[in-house]
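Here's the structure, in structure tokens; my notes come after.
Residue numbers (this note's numbering): 2 to 221.
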């Protein structure tokens with residue numbers, strides 16, 4: 002059963018439901034829909050976003066490991082927080098902040114697109130660019146793989162200079178990764194919206210005047 006999203010006064014005979022109930026019904030509709038190809042963005046789109054995040058996390062971590070001469074030292078310590086955790090967190094955040102507003106048409110399309118782009122770049126790019134240097138510096142200092150300033154607040158300027166020296170050769174790839182994440186986020190988000198409109202059109206075309214009233218979720 003689909004949910005009719007409407008502002009203002011509800012039609013006579015409509016069944017009012019809460020936002021949470023509307024989201025639950027819409028997810029049930031999407032997950033039970035046949036054929037599954039009609040709703041692939043909701044089912045498999047987040048996996049594409051997670052894979053994109055993992056790719057950039059691996060590239061950034063590998064670059065820092067190479068520059069800090071870590072070789073086989075601390076692979077799990079760097080890849081787990083910078084690759085695995087973001088890849089697991091991103092689908093959850095995307096579903097809550099992007100997919101669910103699409104399902105209940107809670108926000109303007111541009112707002113949802115921008116939110117998706119920011120989220121994808123924040124988790125897939127900014128997060129590893131902050132955490133990777135920290136874990137890399139700690140490993141390099143502990144195992145003395147390369148000379149680094151002492152990790153302290155007083156050496157912040159020197160540490161930033163080391164960071165810049167590592168990042169500068171990687172700048173072009175970082176810009177390419179940002180474009181990649183932006184295009185990926187736009188593509189998946191737009192596909193989710195088109196998928197929802199497609200199944201709603203199918204349901205409304207099948208709806209006759211004697212059918213049971215659709216549940217109504219009213220946006221303020």
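For each residue, glycine too, the CB sits at the ideal point set by N, CA and C. In this text the structure is predicted, and so the values were computed from the model without any measurement.
Item                                                                                                                                                                 : Value
Considering only C-alpha positions, which residue in the set 96, 141 and 17 is nearest to residue 48?                                                                : 96
Pick from 72, 187, 195 and 156: whose alpha carbon is nearest that of residue 137?                                                                                   : 72
For the segment 112 to 126 and the segment 182 to 201, state whether three or more C-beta atom pairs, one from each stretch, are separated by less than 8 Å.         : yes
Whole angstroms is fine: what's the gap from residue 128's alpha carbon to residue 196's?                                                                            : 30 Å
Could you spell out where the alpha helix (DSSP H) holding residue 39 opens and where it closes?                                                                     : That residue, residue 39, is in no alpha helix (DSSP H); it is neither H nor E in DSSP.
How is residue 194 classed by DSSP in three states: helix, strand or coil?                                                                                           : helix
For the ligand GDP, I want to know if residue 31 counts as a neighbour, meaning its beta carbon is within less than 6 Å of at least one of the ligand's heavy atoms. : This structure lacks the ligand GDP; in fact it carries no ligand of any kind.
Tell me, to the nearest whole angstrom, how far the beta carbon of residue 58 is from that of residue 87; I am working on the premise that it is less than 8 Å.      : 6 Å
Under 8 Å by Cβ, that's how I've got residue 103 and residue 118 pegged, so tell me the actual separation to the nearest angstrom.                                   : Wrong, their Cβ atoms sit about 14 Å apart, outside the cutoff.
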